[in-house]
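Here the structure is laid out as structure tokens; the discussion comes afterwards.
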Amino acid sequence: MIHIHTLLIGLPQTITDANGTWRSAIFRQPINGPIELGPRGLAGDQVADTEHHGAPGQAVCCHPLEHYDYWNRVYSLTTPDRVLRAGSVGENWTLSNLAESAVCVGDIVRVGSAIVQVSGPRYPCAKQERKLGLPGFLKATVDTLRTGFYLRVLKVGVVQAGDQWMLEERMHPDLTIEAINRCAHHRPDRDLVARMLVAEELGEAWKHILTRRLKQHDADTGA
Numbered sequence: 000m001i002h003i004h005t006l007l008i009g010l011p012q013t014i015t016d017a018n019g020t021w022r023s024a025i026f027r028q029p030i031n032g033p034i035e036l037g038p039r040g041l042a043g044d045q046v047a048d049t050e051h052h053g054a055p056g057q058a059v060c061c062h063p064l065e066h067y068d069y070w071n072r073v074y075s076l077t078t079p080d081r082v083l084r085a086g087s088v089g090e091n092w093t094l095s096n097l098a099e100s101a102v103c104v105g106d107i108v109r110v111g112s113a114i115v116q117v118s119g120p121r122y123p124c125a126k127q128e129r130k131l132g133l134p135g136f137l138k139a140t141v142d143t144l145r146t147g148f149y150l151r152v153l154k155v156g157v158v159q160a161g162d163q164w165m166l167e168e169r170m171h172p173d174l175t176i177e178a179i180n181r182c183a184h185h186r187p188d189r190d191l192v193a194r195m196l197v198a199e200e201l202g203e204a205w206k207h208i209l210t211r212r213l214k215q216h217d218a219d220t221g222a
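Its first residue numbered 0, the sequence shown is counted upward by one per residue in numbering that gives the first Met the number 0.
Below, the structure is given as structure tokens:
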């Protein structure tokens, strides 16, 4: 059963580490019980970088729970202070039993009393690697396409941990989050990219990324 394993919210904070001072809301904390989901996300949640985060198409950041088991094995993380767990990369919803290969842009999903829509992949940022203190994590995330994804809110409501992820409509069965990531970060498929660019549900920022990646690929290959 696909469901919300953990709900997390956070506020921007200033962090000082060995590399200096930085500001982020990535240190989100789990919450128990029901919480309102509004047009811009969970009640009480904020973003620090409003230039790159916080748009309606980024209302909810989701990450598969199973990815943490994978990274703990890859990096041999076993001690309580190092093991990765729900919320480690700063998501709002940690989802159980759902991977990027089984999620499509445009999917309309009922969760609790809310209705959400998949808007596109999460674009990994350096703050994830900085928070975790794992050299190469950003590149490894891209290489393995384990990015997570974003939702927009179609109908506000109340959600809580344990709520089922109930797919109501799938309009682009070939445009999985994994496929979008593969075209953006690995080798672009021209036919797939063409369909992605006309999918109204995919965020404009991703369309720019895909267009740029296709042009780069053509230049590199002489296509």
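Just so it is clear, CB atoms sit at the ideal spot from N, CA and C, and this is done for glycine as well.
Proximity of I34 and Q159 at Cβ, strictly below 9 Å = On the sequence shown, residue 34 is found 35 positions in, with the first residue counted as 1. On the sequence shown, residue 159 is found 160 positions in, with the first residue counted as 1. Using a Cβ distance threshold of 9 Å, I34 and Q159 count as a contacting pair.
Cross-strand partners of A113 (DSSP beta bridge) | In the sequence shown, residue 113 corresponds to position 114, counting from 1. The partner list for A113 (beta bridge, DSSP) reads V110.
Of the listed residues D162, W92, E177 and L144, nearest to S231 (C-alpha basis) | Lying before the first or after the last residue shown, residue 231 is absent from the chain, which here runs from 0 to 222.
Which word fits V117, buried or exposed, when buried means at least 16 other C-beta atoms lie within 10 angstroms of its C-beta?
-> Residue numbering aside, residue 117 sits at position 118 when the sequence shown is read from its first letter. Buried, by the Cβ-count rule.
Run through DSSP, which three-state label would C182 get?
-> Along the sequence shown, read from residue 1 onward, the residue named residue 182 stands at position 183. C182: helix per DSSP, three-state reduction.
Based on Cα-Cα distance, which residue from L6, K130 and A113 lies nearest to D80?
-> Start at 1 with the first residue of the sequence shown, and residue 80 comes out as number 81. Ranking the options by Cα distance to D80, first place goes to K130.
Would E203 pass as a contact of D106 if the rule is Cβ separation under 9 Å?
-> As a working mapping, residue 203 is identified with position 204 in the sequence shown. As a working mapping, residue 106 is identified with position 107 in the sequence shown. No, these two residues do not count as a Cβ contact at 9 Å.
Return the bridge partner residues of S225 from the DSSP annotation.
-> Since the first and last residues shown for the chain are 0 and 222, residue 225 lies out of range.
What residue from D162, A198, G53 and L83 has the CA that sits closest to V253's CA?
-> Because residue 253 is not part of the residues shown, which for the chain are 0 to 222, the question remains open.
Beta-carbon proximity check, Q45 vs A24, cutoff 9 Å | Here residue 45 corresponds to residue number 46 of the sequence shown, with the count starting at 1. Here residue 24 corresponds to residue number 25 of the sequence shown, with the count starting at 1. It is a contact, given that the beta carbons lie within the stated cut-off.
Any idea what DSSP makes of L36, helix, strand or coil?
-> For the purposes of this step, residue 36 is identified with residue 37 of the sequence shown, where counting begins at 1. Strand at L36.
Where does T146 sit, in a helix, a strand or coil, going by DSSP?
-> On the sequence shown, residue 146 is found 147 positions in, with the first residue counted as 1. DSSP places T146 in coil when its eight states are reduced to three.
Taking buried to mean at least 16 other C-beta atoms within 10 Å of its own C-beta, is M0 buried or exposed?
-> As a working mapping, residue 0 is identified with position 1 in the sequence shown. That one is exposed.
Given a cut-off of 9 Å, decide if P120 and I30 are closer than it, judged by their beta-carbon atoms.
-> Taking the sequence shown and counting its residues from 1, one reaches residue 30 at position 31. Taking the sequence shown and counting its residues from 1, one reaches residue 120 at position 121. In this structure, P120 does not lie closer than 9 Å to I30 by Cβ.
Integer Cβ distance of L144 from I114, believed to fall under 8 Å | Residue 144 sits at position 145 when you count from the first residue of the sequence shown. Residue 114 sits at position 115 when you count from the first residue of the sequence shown. About 27 Å; that fails the 8 Å criterion.
Mapping DSSP to helix, strand and coil, what is S118?
-> Residue mapping note: residue 118 aligns to position 119 of the sequence shown, counting from 1. Of the three classes helix, strand and coil, the one that applies to S118 here is strand, per DSSP.
Where V155 and Y69 are concerned, what is the direct C-alpha to C-alpha distance, given to the nearest angstrom?
-> Residue mapping note: residue 155 aligns to position 156 of the sequence shown, counting from 1. Residue mapping note: residue 69 aligns to position 70 of the sequence shown, counting from 1. Straight-line Cα distance between these residues: approximately 33 Å.
For the alpha helix (DSSP H) that L133 lies in, which residues bound it at each end?
-> As a working mapping, residue 133 is identified with position 134 in the sequence shown. Counting along the chain, L133 falls outside any alpha helix (DSSP H), and DSSP gives it neither H nor E.
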